[in-house]
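Everything on this sheet refers to the single structure shown next.
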Amino acid sequence: MSGVVRIGTFNYENGGLREDGRIELGPLIETIARHPVDVLMLGECPQYRRDGERPLWEATNRLSELLGGSARYLPFYSQRVGRKNHSMLLVSSDVVEPVQWHDPMVADTGYSVAGFLRARVLGVPMWLSSIHWPGGAGRAEFDRQAAILTERSVKPTIIAGDFNATSSWEKDIRPADWGAAHLERGSWWKPLQKGRYDTTSGRWVVDTAQLDYLRHDLQFRDFGELADDPTPTTHEQNCSMRIDRIMASYATPGALVPGSYQVHRPSDAEAVSDHDYVTAAWDLAPTRTAQPRTDADQLTGAGTG
8 MSGVVRIGTF
18 NYENGGLRED
28 GRIELGPLIE
38 TIARHPVDVL
48 MLGECPQYRR
58 DGERPLWEAT
68 NRLSELLGGS
78 ARYLPFYSQR
88 VGRKNHSMLL
98 VSSDVVEPVQ
108 WHDPMVADTG
118 YSVAGFLRAR
128 VLGVPMWLSS
138 IHWPGGAGRA
148 EFDRQAAILT
158 ERSVKPTIIA
168 GDFNATSSWE
178 KDIRPADWGA
188 AHLERGSWWK
198 PLQKGRYDTT
208 SGRWVVDTAQ
218 LDYLRHDLQF
228 RDFGELADDP
238 TPTTHEQNCS
248 MRIDRIMASY
258 ATPGALVPGS
268 YQVHRPSDAE
278 AVSDHDYVTA
288 AWDLAPTRTA
298 QPRTDADQLT
308 GAGTG
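Quick note on numbering: the sequence shown equals residues 8 to 312 in our numbering.
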């Protein structure tokens, strides 16, 4: 059995956590309601396990109402020690059959599978994960996160979320002077989060090494690139880039459904989130399998990093 699976990722700012401690889910529901999906990756879900996991189940139950029929979202929460934000993966019970959940908080969970769900998606064996690379942890942590995906790249795998990084694809938008862009917006401490100092030019540039490693060396297919759509997914002053992505490993059967990739700006975006909601559909038909790249296409070490 195979078919089309709808995938979405939305980094709803702080999971709706407000200064008074409330978690406001209204804007999250409103954004997803316009384009419900079968597999939903949420990047920022802090404190969703507090109060007997009440926020987690309230979000799950309200989002499940968008699926219609008897389908329900099954939630898989990736809490990680030392991180501010924790991601959550929600899968439709009509489309995804869970097989193994590798909870990062369980002591015997291996680093290469932590936060991954092994499942059957419309009958097709698959690995799924909601990604959130911690921007404040520096580039060494990004190197580690990219390296973790090496083992998953040879398995049918779909990942999505906030990578806090962009690529060297010629159509991706990147500030030419990453340091100056942050000085102009008053965030002088941030260049190291997504950048590196280029001794040749004497300025900070956006570091694309980790996503280029995924795209070229591991041959993950980036849905925005497949769709030829470089629309930025953040709307920060002078620093907007496409850092929220959906990617499929080379081993994943099928192809992107033409015209399905979209970037959705939430209504009243400044009040809701500084990230956009990204959706796409993937046809798992086994006859639609990627062709091997030629040696010339495998650009080891490509990019600015």
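The beta-carbon is built from N, C-alpha and C at its ideal position, and this holds for glycine as well.
For residue i, the residue or residues it bridges with in DSSP
{"i": "glutamine 107", "result": "Arg125"}
{"i": "tryptophan 211", "result": "Tyr204"}
{"i": "proline 269", "result": "It should be pointed out that residue 269 corresponds to glutamine in this sequence rather than to proline. According to DSSP, which records beta bridges pairwise, glutamine 269 is partnered with Thr286."}
{"i": "histidine 139", "result": "Asp169"}
{"i": "proline 182", "result": "Partner(s): none; proline 182 has no beta bridge."}
{"i": "serine 99", "result": "Tyr80"}
{"i": "threonine 164", "result": "Trp134"}
{"i": "glycine 15", "result": "Leu47 and Thr286"}
{"i": "threonine 238", "result": "None, per the DSSP bridge assignment."}
{"i": "arginine 228", "result": "Ala255"}
{"i": "alanine 262", "result": "Asp290"}
{"i": "isoleucine 30", "result": "Leu24"}
{"i": "serine 94", "result": "Ser85"}
Short Cβ contact (8 Å threshold) for residue i with residue j
{"i": "isoleucine 250", "j": "phenylalanine 170", "result": "yes"}
{"i": "proline 34", "j": "proline 273", "result": "yes"}
{"i": "tryptophan 134", "j": "threonine 164", "result": "yes"}
{"i": "methionine 112", "j": "glutamine 86", "result": "yes"}
{"i": "tyrosine 84", "j": "arginine 56", "result": "yes"}
{"i": "tryptophan 211", "j": "isoleucine 14", "result": "no"}
{"i": "asparagine 92", "j": "glutamate 26", "result": "no"}
{"i": "isoleucine 155", "j": "tyrosine 204", "result": "no"}
{"i": "phenylalanine 230", "j": "tyrosine 284", "result": "no"}
{"i": "alanine 292", "j": "serine 9", "result": "yes"}
Integer Cβ distance of residue i from residue j, believed to fall under 8 Å
{"i": "serine 174", "j": "arginine 125", "result": "Going by Cβ atoms, the distance from serine 174 to arginine 125 rounds to 27 Å, so no, they are not a contact pair."}
{"i": "leucine 252", "j": "alanine 167", "result": "Going by the sequence as given, residue 252 is arginine instead of leucine. Going by Cβ atoms, the distance from arginine 252 to alanine 167 rounds to 7 Å, so yes, they are a contact pair."}
{"i": "alanine 172", "j": "leucine 218", "result": "5 Å"}
{"i": "histidine 282", "j": "asparagine 18", "result": "4 Å"}
{"i": "valine 102", "j": "valine 120", "result": "22 Å between Cβ atoms; not a contact."}
{"i": "arginine 228", "j": "alanine 255", "result": "5 Å"}
Backbone CA spacing between residue i and residue j [nearest angstrom]
{"i": "leucine 313", "j": "glutamate 232", "result": "Nothing in the structure corresponds to residue 313, since the chain is present only between 8 and 312."}
{"i": "leucine 81", "j": "serine 137", "result": "13 Å"}
{"i": "serine 247", "j": "glycine 130", "result": "38 Å"}
{"i": "alanine 147", "j": "serine 77", "result": "44 Å"}
{"i": "alanine 309", "j": "serine 160", "result": "Model confidence at alanine 309 stands at a pLDDT of 40, short of 50, so the residue's coordinates are unreliable and nothing is read from them."}
{"i": "proline 62", "j": "aspartate 115", "result": "27 Å"}
{"i": "alanine 216", "j": "glycine 142", "result": "15 Å"}
{"i": "tyrosine 257", "j": "glutamate 31", "result": "38 Å"}
{"i": "glycine 75", "j": "serine 100", "result": "11 Å"}
{"i": "glycine 23", "j": "valine 279", "result": "8 Å"}
{"i": "valine 270", "j": "threonine 16", "result": "10 Å"}
{"i": "glutamine 342", "j": "glycine 209", "result": "With the chain covering 8 to 312 only, the question about residue 342 has no answer from this structure."}
{"i": "glutamine 107", "j": "leucine 70", "result": "23 Å"}
{"i": "threonine 67", "j": "glycine 122", "result": "18 Å"}
{"i": "histidine 109", "j": "proline 43", "result": "25 Å"}
{"i": "tryptophan 140", "j": "serine 94", "result": "10 Å"}
{"i": "glycine 186", "j": "threonine 38", "result": "33 Å"}
{"i": "glycine 261", "j": "valine 46", "result": "16 Å"}
{"i": "valine 11", "j": "threonine 207", "result": "47 Å"}
{"i": "threonine 259", "j": "tyrosine 220", "result": "18 Å"}
{"i": "glycine 28", "j": "proline 53", "result": "11 Å"}
{"i": "arginine 151", "j": "leucine 225", "result": "14 Å"}
{"i": "arginine 79", "j": "leucine 190", "result": "46 Å"}
{"i": "threonine 241", "j": "aspartate 58", "result": "31 Å"}
{"i": "aspartate 275", "j": "proline 132", "result": "39 Å"}
{"i": "tryptophan 64", "j": "alanine 144", "result": "29 Å"}
{"i": "alanine 183", "j": "arginine 90", "result": "30 Å"}
{"i": "leucine 73", "j": "proline 105", "result": "20 Å"}
{"i": "aspartate 214", "j": "lysine 162", "result": "27 Å"}
{"i": "isoleucine 36", "j": "glycine 202", "result": "33 Å"}
{"i": "glutamate 60", "j": "valine 88", "result": "17 Å"}
If contact is defined by three or more beta carbon pairs under 8 Å, each pair taking one atom from either stretch, is the stretch 225-242 in contact with the stretch 171-188? yes
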